[in-house]
Ligand code: SF4
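Protein chains in written order, with our numbering: chain R, 7 to 424; chain U, 155 to 318.
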């Protein structure tokens with residue numbers, strides 16, 4: 007069996023499952039973010055008062071936080087009160103950061119886990135070998151109450167990486183390349199497993215991969231857990247939990263195989279207004295930008311901030327550009343503060359906001375008619391960051407930093423030497 | 155939900171994502187009517203008003219891609235749309251539509267032949283769309299999923315299970 011098949015079999019009490027089969031699966035964790043109040047309202051509407059297991063709930067208030075209007079404040083209050091009333095211990099308030107990053111940092115995600123939540127980028131948990139997938143808020147309520155949901159066993163696709171990245175090329179570029187090649191629906195309903203030199207990539211780079219995989223339609227994605235995963239989880243996992251990787255069988259069957267040589271890749275940019283609209287940096291170099299957003303669950307981890315800071319150190323952001331840095335979590339912000347990374351980003355002309363989704367969710371950093379934003383996030387959809395006459399390009403943190411300095415989309419390799 | 159849905163078609167292209175269907179700034183609402191007022195706003199003022207005179211959406215590939223926001227399905231229902239037919243759906247939208255009681259049908263074969271304003275008839279029971287005398291089969295939904303749709307969505311389904 008593949009990794010997805012093994013996890014779905016285990017969570018539905020079966021010895022084996024096959025693609026296309028529908029099973030009733032019991033998730034280990036149900037995450038909900040800013041959408042929590044909506045699930046609470048469904049619970050009230052249907053008159054339910056009991057949770058299947060409060061220990062399986064995780065709530066993080068990340069989008070639009072702290073509240074920017076009275077309505078947001080009231081909704082957050084609803085979520086907070088619910089967490090208190092039901093004794094939800096995995097509750098993180100508006101200071102914590104982006105749900106996905108917070109939950110992984112806190113050790114709530116382990117290999118073999120089945121995690122569903124009110125966010126499409128739940129696929130990111132596959133960076134640690136867990137099956138993560140997004141569902142709507144009504145379905146979250148359903149899982150809160152019943153402890154299970156129907157799931158279709160996906161077909162699996164195997165992507166084998168060879169070689170290593172050239173300098174200036176990162177896993178963001180790999181994923182933009184793949185999304186462009188396979189299309190926004192290239193892996194719809196499928197589970198993708200990465201093999202080969204993915205083993206050389208850091209956990210942070212793997213998180214970016216599993217996050218962006220959503221943009222090619224995956225149901226879930228896996229980077230098979232290894233030593234690096236074990237190291238990351240050491241000291242994080244809750245007591246009583248051990249590192250037990252779930253790996254595919256040698257005779258597992260895949261619907262598709264794909265090989266990518268990392269050495270062939272160059273920095274990539276996704277152009278407006280679809281993530282699949284990707285181009286090699288050479289095709290878009292020189293495009294003027296008004297805003298550079300270094301943020302989101304895709305690329306605002308500590309390593310990402312370091313990459314940007316290295317390029318920005320001793321240089322200035324072009325006066326025509328607003329550089330907005332939104333660290334992914336409080337932990338990340340603390341680390342960046344202690345190491346001097348935040349200082350570099352500020353001194354170069356950037357501004358730093360509180361951790362969370364920030365501009366990615368339309369919280370500050372909105373764009374006016376005709377403005378262009380280069381962003382390290384995962385979506386560049388029409389109007390996502392403001393006016394429907396604005397444009398969003400997506401890139402790696404390195405490309406973002408180089409472009410902020412020049413004021414136009416710029417190949418980061420010229421700042422990185424050899 | 156009706157087992158047979160008949161009506162006039164409005165046609166969309168590929169990649170109509172959930173940010174286009176309902177922008178993030180309106181997720182403060184969960185109410186159908188409120189959401190419908192802002193549905194498809196990014197495509198221009200007046201699109202929502204126009205859509206109200208149609209019954210069925212026909213779209214290209216990857217309809218509802220992107221965000222897992224359930225309100226994308228809710229907003230479409232708020233416009234009075236009774237079903238969505240597409241070449242393919244994003245899986246999050248697919249689930250949300252079922253959970254919201256909005257019938258969805260994957261049928262790439264019909265896409266090129268149907269035009270805006272055409273009349274089509276979707277028979278969910280037999281898994282066939284009729285258009286201009288031709289028949290287009292589509293894969294039927296599993297019974298468990300149809301049951302949720304028939305009760306008008308997951309909330310009603312849950313409620314029915316909770317009431318002895
Ligand atoms: S950072 Fe952006 S993509 Fe990630 S959860 Fe927040 S709004 Fe969604």
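No residue lacks a Cβ here, since even glycine has one placed at the ideal position from N, Cα and C.
Item	Value
Buried or exposed (CB count within 10 angstroms, at least 16 for buried), residue 24 (chain R)	exposed
Three-way DSSP call (helix, strand, coil) for residue 277 (chain U) in this model	strand
Terminal residues of the alpha helix (DSSP H) in which residue 152 (chain R) lies	143-152
Rounded straight-line distance, which links the Cα of residue 276 (chain U) to that of residue 289 (chain U)	10 angstroms
C-beta contact flag for residue 58 (chain R) and residue 402 (chain R) at 9 angstroms	no
Interface partners of residue 205 (chain U) on chain R, CB under 8 angstroms	Per Cβ cutoff of 8 angstroms: no residues; residue 205 (chain U) is ~17 angstroms from chain R at best.
Residues near residue 370 (chain R) in its chain [Cβ-Cβ closer than 7 angstroms; skip 5 each side]	359 and 364
Chain U residues whose Cβ lies nearer than 9 angstroms to that of residue 285 (chain R)	Those within 9 angstroms of residue 285 (chain R) in chain U number zero; the least Cβ separation is about 17 angstroms.
Through-space distance from residue 366 (chain R) to residue 308 (chain R), alpha-carbon basis	18 angstroms
Beta-carbon separation (whole angstroms), residue 181 (chain R) vs residue 219 (chain R), contact threshold 8 angstroms	7 angstroms
Closer than 9 angstroms at the beta carbon, the chain R residues around residue 230 (chain U)	By Cβ distance, chain R contributes nothing, its closest Cβ being about 13 angstroms from residue 230 (chain U), past 9 angstroms.
Segment contact, 8 angstroms Cβ cut-off, at least three pairs: the segment 314-332 of chain R with the segment 146-154 of chain R	no
Residue 41 (chain R) at chain U interface by Cβ criterion, 9 angstroms	yes
Separation of residue 124 (chain R) from residue 146 (chain R), as counted between CA atoms	7 angstroms
Continuous alpha helix (DSSP H) stretch holding residue 215 (chain R): start and end	209-218
Cβ-Cβ separation, residue 231 (chain U) to residue 256 (chain U) (assumed contact under 8 angstroms), whole Å	5 angstroms
According to DSSP, residues forming a beta bridge with residue 291 (chain U)	U:282
In DSSP terms, what residue 162 (chain U) is bridged to	U:273
Rounded separation between residue 377 (chain R) and residue 312 (chain U) - CA only	46 angstroms
Chain R contacts from the segment 210-230 of chain U (Cβ-Cβ distance under 8 angstroms)	215, 216, 219, 220, 221, 222, 223, 224 and 227
Rounded straight-line distance, which links the Cα of residue 229 (chain U) to that of residue 190 (chain U)	5 angstroms
Touching by the beta-carbon criterion (3+ pairs, under 8 angstroms), the segment 31-39 of chain R and the segment 106-123 of chain R	yes
Cross-chain neighbours of residue 368 (chain R) in chain U, by beta carbon under 7 angstroms	178 and 179
Residue from R:167, R:368 and R:290 with nearest C-alpha to residue 414 (chain R)	R:290
Three-pair Cβ contact test at 8 angstroms for the segment 259-277 of chain U versus the segment 287-307 of chain U	yes
Heavy atom of ligand 1 within 8 angstroms of residue 338 (chain R) beta-carbon	no
Distance between residue 209 (chain U) and residue 405 (chain R) (C-alpha atoms, nearest Å)	45 angstroms
Any non-hydrogen atom of ligand 1 closer than 8 angstroms to residue 301 (chain R) Cβ	yes
Residues of the segment 127-145 of chain R with Cβ closer than 7 angstroms to any Cβ of chain U, in chain order	140, 141, 142, 143, 144 and 145
Ligand 1 heavy atom lying under 8 angstroms from the CB of residue 383 (chain R)	yes
Residue 247 (chain U) - containing alpha helix (DSSP H), residue span	245-254
Chain U contact residues for residue 197 (chain R), given Cβ-Cβ distances below 7 angstroms	Under the 7 angstroms cutoff, chain U gives no residues; its nearest Cβ is about 11 angstroms from residue 197 (chain R).
Given 8 angstroms, three or more beta-carbon pairs between the segment 191-201 of chain R and the segment 165-173 of chain R	yes
Within chain R, partners of residue 250 (chain U) - CB distance below 7 angstroms	142
Residues in the segment 252-267 of chain U having any Cβ partner in chain R nearer than 9 angstroms	253 and 254
Contact set for residue 160 (chain R): own chain, Cβ-Cβ below 6 angstroms, skip 5 residues either direction	10, 195, 196, 197 and 225
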